[in-house]
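In this note's numbering, the protein residues as written are 107 to 444.
By construction, the Cβ of each residue, glycine as well, lies at the ideal position given by its N, Cα and C atoms.
Computed from a prediction, not measured in an experiment: that's the story for all the values here.
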Ligand code: KG4
Ligand code: ZN
C-alpha cells in the first residue's frame with residue numbers, strides 16, 4: 107500500500123489530499139479564496155500567494171488528520187509544478203520539497219493539466235485508453251488524445267481565451283462577481299438560449315476561439331449602456347445564449363475528435379466540466395455517435411489535491427521522481443513522459 111500526499115496551489119485554491127494507491131481518496135481538503143478575489147472580478151496573484159502561505163500548513167495538517175494518518179505514514183509527496191501563477195506554485199512546491207526532504211521520501215512533480223486529465227481515474231476502475239479529453243478550465247481549453255499515462259497528442263487548443271476565462275470575463279461585464287462559471291450556469295437555467303445569436307468560431311477546426319464571443323457580449327452590454335437601458339438587460343437570456351454558444355462549440359469539437367480518432371470515449375476535465383449544460387448535452391450528443399462520456403464529480407473538476415496525488419502515484423510507481431531542486435514553471439506545458 108502506498109500513501110501519497112498531494113499538494114495543489116497553482117491558482118486560488120489551497121488544497122492537500124491523502125490518496126491510497128492512486129485511487130482511494132482518504133482526504134481532500136480544498137480551501138477556496140473566492141471571497142478574497144470576488145470584489146476584484148478575478149484572481150489577484152499577490153493576494154493569492156499570501157493566502158497560500160498563511161494556510162498551507164493547517165490545510166496539510168487537516169488532510170492528514172481527516173485521513174487518520176501521520177506524516178511518517180506518507181510514502182511520497184506530489185506537488186503541482188505548473189502551469190499556474192508562479193508565486194502561488196512556489197508556495198506549494200517549496201512546502202512539498204521541504205516535507206519530502208525532512209521525511210526522506212520521494213518528491214513527485216505533477217503537471218496541473220495532466221492532473222485534471224486523470225482526475226476521472228479517482229472514480230472509475232479502469233481508464234478507457236485511448237480516450238479524447240476535453241480539458242476546459244480557467245486557464246486552458248484543449249483537446250487531447252490520451253493514449254496512456256504520460257502519452258498525449260494535442261488535437262486542438264484555444265487561440266485566445268480559455269472557456270472558463272470567457273465565463274469569468276462575461277460575468278465581470280455583467281457585474282456577476284467571480285468566478286463567473288457557476289453564476290452564469292445557474293442564471294442560464296432561467297433564460298432563453300436563442301435570445302441572442304452569439305458567434306461560434308472556427309467551425310471547421312478542432313481549435314477554439316472565444317474572444318469574438320466575449321466581444322459580442324461586450325458590444326451588446328456597451329450598446330445597452332449607451333442607450334441608458336442597462337437595467338433592461340435580461341441577465342438570464344444573455345447567460346443562456348452565451349452558454350449555448352460555448353457549449354455548442356465544446357461539444358461539436360469533442361465529438362468530432364472522438365470520431366476522427368476512432369475513440370469510443372470522451373473524458374471531460376477542468377473547472378468548466380462542472381457546467382451542468384455541458385455535462386448533460388455532451389452525454390446526449392455523444393451517445394448518438396456511440397461514444398461514452400466520463401465526467402468527474404464536481405469536486406474533482408475544479409482544482410483539488412486528490413487529482414495531484416492520483417497521478418502522482420502513477421508517476422511514483424513508474425519511478426518518475428523529481429529532484430529536490432525542482433523549480434515550478436508558470437507556463438509549463440504538457441509533455442510526454444510515458
Ligand atoms: O480548473 P479550475 O478550477 O482552475 C483552473 O485550473 O483554471 O477552473 C476554474 C474555471 C473558472 O473560470 C470558473 O468560472 C469555471 O472553471 N467554472 C465553470 C463552472 N464552475 C467553474 N464554468 C462553467 N460552469 C460552471 N458550473
Ligand atoms: Zn485547474
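| Asked | Found |
| --- | --- |
| Beta-carbon within less than 8 Å of residue 139's beta-carbon, same chain only, minus the 5 sequence neighbours each way: which residues are those? | 118, 119, 120, 149, 153, 154 and 157 |
| Assuming the contact rule is C-beta atoms closer than 8 Å, residue 434 and residue 188 should be a hit. Round their C-beta distance to whole Å, please. | 5 Å |
| Tell me the residue span of the alpha helix (DSSP H) that contains residue 318. | 317 to 332 |
| How many angstroms separate the CA atom of residue 275 from the CA atom of residue 320? | 7 Å |
| Tell me whether residue 340 sits in a helix, a strand or coil according to DSSP, three-state version. | coil |
| Just to confirm before moving on: does the CB-CB distance between residue 290 and residue 349 stay below 8 Å? | yes |
| Determine the DSSP secondary structure at residue 408, reduced to helix, strand or coil. | coil |
| For the alpha helix (DSSP H) holding residue 265, just list the boundary residues, first then last. | Segment: none, residue 265 is in no alpha helix (DSSP H) and carries neither H nor E. |
| As a quick exercise: from 257, 386, 396 and 327, pick the residue whose alpha carbon is nearest that of residue 281. | 327 |
| Quick one: what's residue 239 bridged to in DSSP? | 250 and 373 |
| So who's on the other strand from residue 390, going by DSSP bridges? | None; residue 390 has no bridge partner. |
| Taking residue 172 as part of the beta strand (DSSP E), name the residues at either end of that continuous run. | Residue 172 -> not in any beta strand (DSSP E); alpha helix (DSSP H) instead, spanning 151 to 173. |
| In whole angstroms, what is the alpha-carbon distance linking residue 358 and residue 205? | 45 Å |
| Among residues of its own chain, excluding the 5 on either side of residue 192, which ones have a beta-carbon nearer than 6 Å to its beta-carbon? | 436 |
| Between which two residues does the alpha helix (DSSP H) containing residue 208 stretch? | 192 to 209 |
| Throw me the rounded Cβ distance for the residue 422 and residue 203 pair, which I believe falls under 8 Å. | 16 Å between Cβ atoms; not a contact. |
| Return yes when the Cβ of residue 381 is within less than 8 Å of the Cβ of residue 244, no when it is not. | no |
| Answer yes or no: do residue 128 and residue 416 have a C-beta to C-beta separation smaller than 8 Å? | yes |
| Name the one or two DSSP bridge partners that residue 140 has. | Beta-bridge pairing links residue 140 to no other residue. |
| Ligand 1 and residue 425: does the residue's C-beta get closer than 7 Å to at least one heavy atom of that ligand? | no |
| Out of curiosity, what's the CA-to-CA distance linking residue 375 and residue 313? | 17 Å |
| Pull up the CB-CB distance for residue 241 and residue 219, whole angstroms please, since I reckon it's below 8 Å. | 6 Å |
| In angstroms, rounded to a whole number, what distance separates the CA positions of residue 323 and residue 344? | 8 Å |
| How about residue 175 and residue 131: do their beta carbons lie closer than 8 Å? | no |
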